Amino acid sequence: MILAGITLFNPEMDRIDENIAAVIDQVDAVLCVDNGSSNLQEIEEKVLSKYPADKLIVEKNGDNLGIARALNQMFEYAKANGYEWVLTLDQDSVVPDNIISEYKKYTDKLENIGSLSPLILDRNYGNNEDNKGDVEELDKCITSASLTPVEAWEKVGGFFEELFIDLVDHDFCAKLVENGYKIYRINTVKLLHELGHGVSHRFLGKKITVMNHSPFRKYYIVRNRLIYMYMHKNSINIKKEKIKYYMFLIKTVLYEKDKMKKFKVMRKGAKDGKAFIKKMKAENGGN
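Using the numbering used here, read the sequence shown as starting at 5 and increasing by one per residue.
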């Protein structure tokens, strides 16, 4: 059986309605985990109430407990209720009508599945992924529209809740790969997804995109990338990750608004990330 899980946090009404309608008849049930949405009552009245309670289930956290906690709740529910797979969704991602039928072609065909993921089509930029053939093996994928076995989630210890929001998917994928699982992209499944509203600039003769994240996101991106690099230093390309880390800092300082405010929270993110790593090292005997 397949459970679809959607994390809610102040979603746009029409989009979440479209999201649920697109997936609910393709899976056995949909679980919405709400992370303290201020418009939850309106969502329940106008959208969620349209579906039978056994087909659409709602778990209310009351507060924003983070994306990692919400994802773990989906898998915990799936495990407790006999589901074998979980299709994880963002609240703004509307799946195609062939997503489950296409994924099912490969659930028994591919080996050591850690996750099946779609080809991403960005709403703002179009297709930003190169693809070869119907199936490709990747080292990471986003959680949205990915189909993951409950067994694999349990074996790797679930999603790391200390990360709260950013790089939660990267960390989970790294753990899958480290445990012998494989991440596949099914290129016949195309997901229209909004990766962000970026602005293009030229840096050292090359085109770069600046995403203008909020200070809240800046803090977690800096903090979590340091933690991610430490936790998976033996399995990821550290040089590449460090380049991403420093480019993120440079782009923010050079091109974004509210530079000083963002610089301060990023500095705090770096400080807190290093403190968290120090704590982990102490728990791991200095390694």
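Using N, Cα and C, we set each Cβ at its ideal position, and we do this for glycine too. Computed from a predicted model, the values in this text were never measured in an experiment.
Within 8 Å, strictly: CB atoms of residue i and residue j
i	j	result
V98	N23	yes
V90	T11	no
K222	M264	no
N116	Y185	yes
V160	L180	yes
A72	F168	yes
L230	G290	no
G273	V226	yes
Y55	I28	yes
M5	E88	yes
S41	N14	yes
E63	L93	no
N191	E141	no
E182	S239	yes
Y234	I187	no
Y81	L7	yes
Identity of the residue in the options nearest residue i by Cα
i	options	result
Y4	L123, P219, N288	Only positions 5 to 291 of the chain appear in this structure, which leaves residue 4 out of reach.
L208	L167, S218, I254	I254
S119	D101, A149, D138, P100	A149
G70	V37, K283, V31	V37
D170	N85, I146, I103	I146
According to DSSP, residues forming a beta bridge with residue i
i	result
Y188	L120, E141
I254	Answer is none; I254 lacks a bridge partner.
E63	V37
I10	C36, L93
S204	T213
T152	V90
V98	L196
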